[in-house]
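Presented below is the structure to which this report refers.
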Amino acid sequence: MRTPLIAGNWKMNGSMSLIEDFGRKFSDATLSEAVKVVVIPPFPYLEAARQAFRDTPLALGAQTLNPADSGAHTGEVSGRMLTELNATYVLVGHSERRELYGESDEQVFDRLLAALSVGLVPILCVGESLEERDAGRTMDVVLRQVGYAMARLDPEQRQKVVIAYEPVWAIGTGRTATPEQAQEVMAGIRAYQAEFNTTLAEQLTLLYGGSMNVKNAAELLAQPDIDGGLVGGASLKTDDFFAICQSAG
Ligand code: 13P
Numbered sequence: 004m005r006t007p008l009i010a011g012n013w014k015m016n017g018s019m020s021l022i023e024d025f026g027r028k029f030s031d032a033t034l035s036e037a038v039k040v041v042v043i044p045p046f047p048y049l050e051a052a053r054q055a056f057r058d059t060p061l062a063l064g065a066q067t068l069n070p071a072d073s074g075a076h077t078g079e080v081s082g083r084m085l086t087e088l089n090a091t092y093v094l095v096g097h098s099e100r101r102e103l104y105g106e107s108d109e110q111v112f113d114r115l116l117a118a119l120s121v122g123l124v125p126i127l128c129v130g131e132s133l134e135e136r137d138a139g140r141t142m143d144v145v146l147r148q149v150g151y152a153m154a155r156l157d158p159e160q161r162q163k164v165v166i167a168y169e170p171v172w173a174i175g176t177g178r179t180a181t182p183e184q185a186q187e188v189m190a191g192i193r194a195y196q197a198e199f200n201t202t203l204a205e206q207l208t209l210l211y212g213g214s215m216n217v218k219n220a221a222e223l224l225a226q227p228d229i230d231g232g233l234v235g236g237a238s239l240k241t242d243d244f245f246a247i248c249q250s251a252g
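Counting from 4, one number per residue, gives the positions in the sequence shown under my numbering.
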């Protein structure tokens, strides 16, 4: 059985007071132990989150990392530094990194390897643009992104990766993929993984991301190949995010 995972990607949002609010909410209210939850704030809030989340079930994640361990990379952060702050997850290849900062499949893979090398769980983000969907290329694009990384990993590494399917046209638009659209692509990702190893494919945690909210979460999470969510906007509202986590438990 796969444990549901809900990840809140704050992107370049949030504040010290939101961190404290999350700490209070998740220590006061009881969340089912059947769900794992990770909060992914911007780098400057990681230390405050580490402290505020001490008495909560919340794990910590980061939004990206540099492939190098240290060195002359002004403005960058390494995986080792993230682990020192108790981060256990890291996003790699978010579509905003691919689009706005030009990250190629190769660069995404380097980050994924760097994450694995320090014991962080990489959440590999993939997804097609609206243009690609309309051209009937969804599966080609998604499996290219997944395949570039997965085919280069050994079985032991492959088993540690979480994959998030985030159709670019559904991110921040309020236009969620239908449960059927999401399920179709995510079943395709699992089938691809099964070509390497059927047991690993069964164990692979697959998240859906793109305008997931309190209203649509349960229906999306009920799909057989959707094991959790990567939540953007709705993860900035403490009560909404808590409710989404509950609907996964
Ligand atoms: P929204 O939930 O705001 O659409 O963002 C999704 C996302 O990109 C999470 O990584």
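The beta carbon of each residue, even a glycine, is placed where N, CA and C say it ideally should be.
Same chain, Cβ closer than 6 Å to residue i, neighbours up to 5 away in sequence not counted
i, result
"P182", "E222, L223 and Q226"
"T208", "R5, L8, V165 and D230"
"A55", "I22, E23 and G26"
"N219", "T179"
Residue j beta carbon less than 7 Å from that of residue i
i, j, result
"P44", "A52", "yes"
"L68", "G82", "yes"
"A90", "A71", "no"
"A173", "G213", "yes"
"L203", "Q249", "no"
"N16", "L239", "yes"
"V149", "V129", "yes"
"D228", "A167", "no"
Straight-line gap, residue i to residue j (C-alpha atoms, nearest Å)
i, j, result
"D243", "H76", "37 Å"
"G26", "S35", "16 Å"
"Y151", "H97", "15 Å"
"V217", "A246", "6 Å"
"G235", "Q184", "19 Å"
"E187", "P47", "37 Å"
"S30", "P60", "8 Å"
Reference residue i; option with closest CA among the options
i, options, result
"D143", "W172, A185, I192 and P7", "I192"
"S132", "V38, E169 and I22", "E169"
"F112", "A251, A220, A154 and F199", "A154"
"K39", "G11, S18 and A204", "G11"
"D58", "P47, E79, A194 and A32", "A32"
"D157", "E135, Q196 and Q186", "Q196"
"L88", "E205, R136, A62 and M215", "A62"
"L127", "T141, T176, R100 and A251", "R100"
Any chain C beta carbon closer than 7 Å to residue i
i, result
"R178", "The displayed structure is made up of one protein chain only, and chain C is not part of it."
Proximity test, residue i beta-carbon vs ligand 3 heavy atom, cut-off 6 Å
i, result
"N16", "This structure does not include ligand 3; its bound ligands are ligand 1."
Neighbourhood of residue i by C-beta distance below 8 Å, restricted to the same chain and skipping five residues each side
i, result
"D24", "T241"
"L85", "L49, A65, L68, V93, V121 and L123"
"A194", "A204"
Cβ-based neighbour list, residue i, same chain, cut-off 7 Å, excluding 5 preceding and 5 following
i, result
"W13", "I43, P44, P45, S238 and L239"
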